[in-house]
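If you're matching them up, the sequences are chains A and B in order.
Under our numbering, the first residue of the first sequence is numbered 1, with each subsequent residue one higher.
Under our numbering, the first residue of the second sequence is numbered 341, with each subsequent residue one higher.
Structure record follows, encoded as structure tokens.
2 protein chains.
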Amino acid sequence: MPTIKDVAKEAGVSIATVSYVLNNKTHLVGKDTRQEVLDAIKRVGYTPNITARNLKASQTRLIGYAWHRVPNDETNPLLDGFAYFLAQAAEAVNYHLLTFTHADDDPIPVYNEMIRTQRVDGFVLSGTVADDARIRFLTNEGFPFVSFGRSNPGWAFNWVDTDGKVGVQTAVEYLISLGHQRIAMVAWPEESVTGNYRLYGYIEAMQAAGLPVHDGYLQRGENEETAGANALNQWLQLPNDIRPTAAIAITDIVAIGLMREAERQGVQIPTDFSVIGFDDAPMSQYVHPALTTLRQAIPQTGQALMTILEALLNKTEPKEAHILITPRLILRETCAPPLR
Amino acid sequence: MPTIKDVAKEAGVSIATVSYVLNNKTHLVGKDTRQEVLDAIKRVGYTPNITARNLKASQTRLIGYAWHRVPNDETNPLLDGFAYFLAQAAEAVNYHLLTFTHADDDPIPVYNEMIRTQRVDGFVLSGTVADDARIRFLTNEGFPFVSFGRSNPGWAFNWVDTDGKVGVQTAVEYLISLGHQRIAMVAWPEESVTGNYRLYGYIEAMQAAGLPVHDGYLQRGENEETAGANALNQWLQLPNDIRPTAAIAITDIVAIGLMREAERQGVQIPTDFSVIGFDDAPMSQYVHPALTTLRQAIPQTGQALMTILEALLNKTEPKEAHILITPRLILRETCAPPLR
DNA sequence: CTGTTAGCGCTTTCAC
DNA sequence: GTGAAAGCGCTAACAG
Chain A
1 MPTIKDVAKE
11 AGVSIATVSY
21 VLNNKTHLVG
31 KDTRQEVLDA
41 IKRVGYTPNI
51 TARNLKASQT
61 RLIGYAWHRV
71 PNDETNPLLD
81 GFAYFLAQAA
91 EAVNYHLLTF
101 THADDDPIPV
111 YNEMIRTQRV
121 DGFVLSGTVA
131 DDARIRFLTN
141 EGFPFVSFGR
151 SNPGWAFNWV
161 DTDGKVGVQT
171 AVEYLISLGH
181 QRIAMVAWPE
191 ESVTGNYRLY
201 GYIEAMQAAG
211 LPVHDGYLQR
221 GENEETAGAN
231 ALNQWLQLPN
241 DIRPTAAIAI
251 TDIVAIGLMR
261 EAERQGVQIP
271 TDFSVIGFDD
281 APMSQYVHPA
291 LTTLRQAIPQ
301 TGQALMTILE
311 ALLNKTEPKE
321 AHILITPRLI
331 LRETCAPPLR
Chain B
341 MPTIKDVAKE
351 AGVSIATVSY
361 VLNNKTHLVG
371 KDTRQEVLDA
381 IKRVGYTPNI
391 TARNLKASQT
401 RLIGYAWHRV
411 PNDETNPLLD
421 GFAYFLAQAA
431 EAVNYHLLTF
441 THADDDPIPV
451 YNEMIRTQRV
461 DGFVLSGTVA
471 DDARIRFLTN
481 EGFPFVSFGR
491 SNPGWAFNWV
501 DTDGKVGVQT
511 AVEYLISLGH
521 QRIAMVAWPE
531 ESVTGNYRLY
541 GYIEAMQAAG
551 LPVHDGYLQR
561 GENEETAGAN
571 ALNQWLQLPN
581 DIRPTAAIAI
591 TDIVAIGLMR
601 EAERQGVQIP
611 TDFSVIGFDD
621 APMSQYVHPA
631 LTTLRQAIPQ
641 TGQALMTILE
651 ALLNKTEPKE
661 AHILITPRLI
671 LRETCAPPLR
């Protein structure tokens with residue numbers, strides 16, 4: 001590979017001059033000299049070595065992004081797609097994504113190592129939880145990062161998140177517009193920050209419409225099919241006049257679990273029962289009936305994250321430290337007016 | 341961030357000595373000096389700057405991996421999971437993954453840029469096709485790379501691939517063991533290298549069992565649901581005595597398309613018709629009935645790729661230039677003995 | 001054994 | 001306008 005020296009020799013100038021040309025310091029180099037250098041660059045086929053540039057500038061132009069944990073060969077389709085759009089957004093501002101993995105239970109050493117070796121200029125986090133150790137650590141280190149997802153309300157850090165509350169509100173309002181009055185929800189465990197925002201959306205929308213949230217309407221469970229199945233079975237045991245006719249599931253996985261249980265129990269969806277998921281996972285269009293769900297705006301999320309992070313990396317205050325992105329309700333086949 | 345100089349000062353030695361300690365040149369430094377340096381390193385909290393090391397060594401310890409194209413917000417679940425395991429395999433040998441994106445139709449400029457700027461030490465390709473422009477380009481450049489997937493048989497390059505032929509053979513044999521005799525297949529267009537290997541598996545297994553491949557048994561289409569739907573409809577038009585009782589679909593997507601069409605046509609799966617997919621996409625366990633399919637061994641594939649690439653990067657001959665990895669048949673609910 | 005020193009390839013001050 | 005030279009942080013050849 002040719003270096004700046006080769007170009008200098010070829011053009012008969014000093015390496016400083018070549019550097020000026022490369023960095024467009026037009027006021028520092030004569031028009032003809034400039035052209036000569038440009039020609040020489042072309043002739044020798046030169047491109048600046050990025051490692052040398054980075055060393056000089058004490059940067060890497062690399063953003064670290066850790067893959068979410070993968071339990072048993074499973075992947076999280078939402079976040080898989082996210083990484084792609086994040087990479088694209090990073091490239092638009094001349095950064096690249098360095099993806100790495102870490103032990104499920106203890107991510108900190110890897111983050112620490114990346115900071116100490118100066119492998120990356122900043123991080124993007126995803127899958128954040130309450131009391132997130134990574135957020136605490138990075139804040140403490142004063143190392144630049146943004147998070148896809150909120151954490152403890154008291155913590156001061158930059159984030160972008162899907163507006164789960166508004167999303168679920170929209171979904172509930174849609175069910176109401178269809179004629180439903182007895183609407184239930186499967187939420188996540190109480191500790192889940194993300195889950196609670198979505199839950200608030202449900203509660204508020206019900207209250208706003210003056211609809212009661214009967215005992216048992218709110219069920220909770222992990223992000224598994226069984227959560228949906230269990231919830232449905234609870235609801236089926238409620239007396240006829242308060243038994244829900246529709247439900248919001250906190251994710252598509254949960255919604256699908258509910259649907260499969262409905263099939264087992266002879267409950268027809270959407271005729272007997274309507275359901276709306278959250279995420280628009282790839283499989284959701286393949287289940288039968290195809291799942292009506294809230295789609296997170298992943299491409300925009302990636303861009304918003306990079307906008308904030310770029311500001312941080314330039315040591316300027318980001319315009320907005322927190323950005324909420326509204327999900328879109330994708331109408332498919334799991335909702336219908338309630339049986340009269 | 342402390343540098344090697346700070347450590348040297350702290351320990352009262354030269355930077356060379358510190359460097360020797362860092363690089364475990366034990367024969368070059370006294371036992372007590374070594375300990376003193378080690379202590380100083382700990383005291384000042386020093387970790388070598390990787391950019392400087394890389395500049396010195398003319399390397400990056402970065403592997404470039406391009407995301408497959410994403411048409412309309414869709415992602416390829418198989419490859420999404422692949423990136424994770426590839427990253428893990430890379431980290432095991434002290435590399436990191438630099439993920440990047442490129443225009444669908446013209447990936448070469450991005451690869452070229454990465455090489456010229458010396459951003460990465462090598463590449464891993466996926467989604468390779470016949471006459472793959474990337475393979476041609478990288479071979480031409482003499483730049484280290486490995487491919488997940490084969491391309492033109494005549495081309496000399498290193499690859500790892502799922503053994504589609506053996507996989508489909510296994511699937512066909514399984515159907516035969518269930519009692520099926522009239523087995524059909526939906527393949528990809530003739531140009532698809534990967535598709536043809538899978539197809540050979542079908543042909544050979546049928547021949548080996550002395551089973552006829554009747555006219556119309558072999559259908560082709562793109563990787564879409566419609567391909568499966570169309571194929572089924574063709575088969576349904578065949579006369580009763582040669583109408584297939586089971587089929588191999590070249591991917592899960594195609595299998596799912598077939599299943600949905602079967603439902604529309606009143607064909608019960610697996611009672612009336614058995615089907616086997618390929619890939620074990622995440623959605624495949626959620627469709628109803630859950631899809632029996634061939635699962636690619638993605639973690640091993642990532643490791644195999646890195647083993648080869650690491651050899652290339654060390655300028656040694658890889659032990660095996662080509663590695664075939666056998667997929668595993670995952671039995672679920674879409675296969676049953678044929679109706680008598 | 002330990003230190004001095006010359007780079008790796010680039011940017012940027014400071015003279016001229 | 002142009003160039004000499006210092007230096008980013010590190011490794012390693014060479015002296016001693």
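All C-beta atoms in this analysis are idealised placements derived from N, C-alpha and C, irrespective of residue type, glycine included.
- Query: Ala443 (chain B): buried (16+ other C-beta within 10 angstroms of its C-beta) or exposed?
  - Reply: Of the other Cβ atoms in all chains shown, fewer than 16 fall within 10 Å of the Cβ of Ala443 (chain B); this residue is therefore exposed.
- Name, please, each residue of chain A whose Cβ falls closer than 8 Å to the Cβ of Thr441 (chain B). Simply Tyr84, Ala87, Gln88, Glu91.
- If contact means a Cβ-Cβ distance below 8 Å, which residues of the region 454–469 of chain B contact chain A? Cβ contacts with chain A: Arg456, Thr457, Gln458, Arg459.
- Task: Classify Ile543 (chain B) as helix, strand or coil using the three-state DSSP reduction.
- Result: Residue state, collapsed to three classes: helix.
- Task: Compute the distance between the beta-carbons of Val110 (chain A) and Val124 (chain A), then report whether it is under 8 Å.
- Result: The Cβ-Cβ distance between Val110 (chain A) and Val124 (chain A) does not fall below 8 Å.
- Message: Tell me which residues share the same chain as Val358 (chain B) and place their Cβ nearer than 6 Å to its Cβ, disregarding the 5 neighbours each side in the sequence.
- Response: So the qualifying residues of the chain are Ile344, Val347, Ala348, Val377.
- Message: Let me see if you follow: with CB-CB separation under 8 Å, is His662 (chain B) close to chain A or not?
- Response: No, its Cβ sits nowhere closer than 8 Å to a Cβ of chain A.
- The beta strand (DSSP E) enclosing Ser177 (chain A), as first and last residue numbers: From DSSP, Ser177 (chain A) is part of no beta strand (DSSP E) but of the alpha helix (DSSP H) over 164–178.
- CB contact check: Ile15 (chain A) to chain B, cutoff 8 Å: No, no contact with chain B.
- Query: Going by C-alpha distance, which of A:Pro282, A:Thr162, A:Ala231 is nearest Asp420 (chain B)?
  - Reply: Checking every option, the nearest Cα to that of Asp420 (chain B) belongs to A:Pro282.
- When you compare each of A:Thr316, A:Ala336, A:Asn233, A:Arg264 to Val275 (chain A) by their alpha carbons, which one comes out closest? With respect to the C-alpha of Val275 (chain A), the residue from A:Thr316, A:Ala336, A:Asn233, A:Arg264 having the closest C-alpha is A:Ala336.
- Any Cβ of chain B within less than 8 Å of the Cβ of Val287 (chain A)? With 8 Å as the cut-off, Val287 (chain A) counts as an interface residue toward chain B.
- Just the Cα atoms here: how many angstroms apart are Pro342 (chain B) and Met114 (chain A)? Rounded to whole angstroms, the separation of the alpha carbons of Met114 (chain A) and Pro342 (chain B) is 15 Å.
- Val166 (chain A): which of A:Tyr174, A:Ala187, A:Arg198 sits nearest, CA to CA? Comparing Cα-Cα distances from Val166 (chain A) to each of A:Tyr174, A:Ala187, A:Arg198, the minimum goes to A:Arg198.
- Enumerate, from N- to C-terminal direction, the unbroken beta strand (DSSP E) stretches of 3 or more residues contained entirely within the region 448–500 of chain B. Segments of the beta strand (DSSP E) lying fully in the region 448–500 of chain B: 462–466, 485–488.
- Item | Chain-ordered neighbours of Thr293 (chain A) on chain B, where CB pairs are closer than 9 Å | Going along chain B, no residue has its Cβ under 9 Å from Thr293 (chain A), so there is no contact; the nearest lies around 13 Å.
- Since Thr632 (chain B) is in the beta strand (DSSP E), which residue starts that stretch and which ends it? That run of the beta strand (DSSP E) goes 632–635.
- Task: Compute the Euclidean distance between the alpha carbons of Val287 (chain A) and Pro388 (chain B), then round it to the nearest angstrom.
- Result: The alpha-carbon atoms of Val287 (chain A) and Pro388 (chain B) are separated by roughly 52 Å.
- Excluding the 5 residues preceding and the 5 following Ile323 (chain A) in the sequence, name in chain order all residues of the same chain whose CB lies nearer than 6 Å to its CB. Closer than 6 Å at Cβ, skipping near neighbours: Val160, Ala304.
- Message: Please report the distance separating the alpha-carbon of Lys42 (chain A) from that of Ala11 (chain A).
- Response: Cα to Cα, the separation comes out at about 11 Å.
- Quick one, are the C-beta atoms of Pro107 (chain A) and Leu309 (chain A) less than 8 Å apart? It is not a contact, given that the beta carbons lie outside the stated cut-off.
- Query: Trp67 (chain A) CB to nearest chain B CB: under 8 Å?
  - Reply: Chain B, which has a Cβ nearer than 8 Å to the Cβ of Trp67 (chain A), makes this yes.
- Message: If we require 3 or more residues per run, which beta strand (DSSP E) segments fall completely within the region 307–332 of chain A?
- Response: Entirely contained in the region 307–332 of chain A, the beta strand (DSSP E) runs reaching 3 residues are, in chain order, 322–325, 328–330.
- Message: Considering Cα atoms alone, identify which of A:Asn223, A:Glu224, A:Ile183, A:Glu190 is closest to Glu204 (chain A).
- Response: Comparing Cα positions, the closest option is A:Ile183.
- Sort A:Asn140, A:Phe137, A:Ala130, A:Thr139 by Cα distance to Gly149 (chain A) and report the nearest one. Answer by Cα proximity: A:Ala130.
- Would you tell me roughly how many angstroms separate the C-alpha atoms of Ala429 (chain B) and Asp461 (chain B), rounded to the nearest one? In a straight line, the C-alpha of Ala429 (chain B) is about 16 Å away from that of Asp461 (chain B).
- What are the residues that DSSP puts in a beta bridge with His436 (chain B)? DSSP output for His436 (chain B) lists B:Leu402 as bridge partner(s).
- Item | Residue from A:Glu320, A:Ala297, A:Val93 with nearest C-alpha to Leu329 (chain A) | Per the Cα distances, A:Ala297.
- Message: Using a Cβ-Cβ distance cut-off of 8 Å, determine whether His436 (chain B) contacts chain A.
- Response: Taking 8 Å as the CB threshold, His436 (chain B) lines the interface with chain A.
- Below 8 Å, can you find three or more Cβ-Cβ pairs linking the region 490–497 of chain B to the region 509–526 of chain B? No: fewer than three Cβ pairs fall under 8 Å.
- Task: Check whether the Cβ of Pro388 (chain B) lies closer than 8 Å to any Cβ atom in chain A.
- Result: For Pro388 (chain B), the answer is yes, since a Cβ of chain A falls inside 8 Å of its Cβ.
- Task: For Ser517 (chain B), count neighbouring Cβ atoms within 10 angstroms of its own Cβ and tell me buried if that reaches 16, exposed if not.
- Result: Ser517 (chain B) counts as exposed, since fewer than 16 other beta carbons sit within 10 angstroms of its beta carbon.
- Item | Cβ of Ala229 (chain A) within 8 Å of any chain B Cβ | Ala229 (chain A) does not count as touching chain B.
- Item | Contact the region 258–269 of chain A vs the region 601–615 of chain B: 3+ CB pairs below 8 Å | Taking 8 Å as the limit for Cβ pairs, the verdict is that the region 601–615 of chain B does not touch the region 258–269 of chain A.
- Can you list, in chain order, the residues of the region 210–221 of chain A whose Cβ is nearer than 8 Å to any Cβ on chain B? Cβ contacts with chain B come from no residue of the region 210–221 of chain A.
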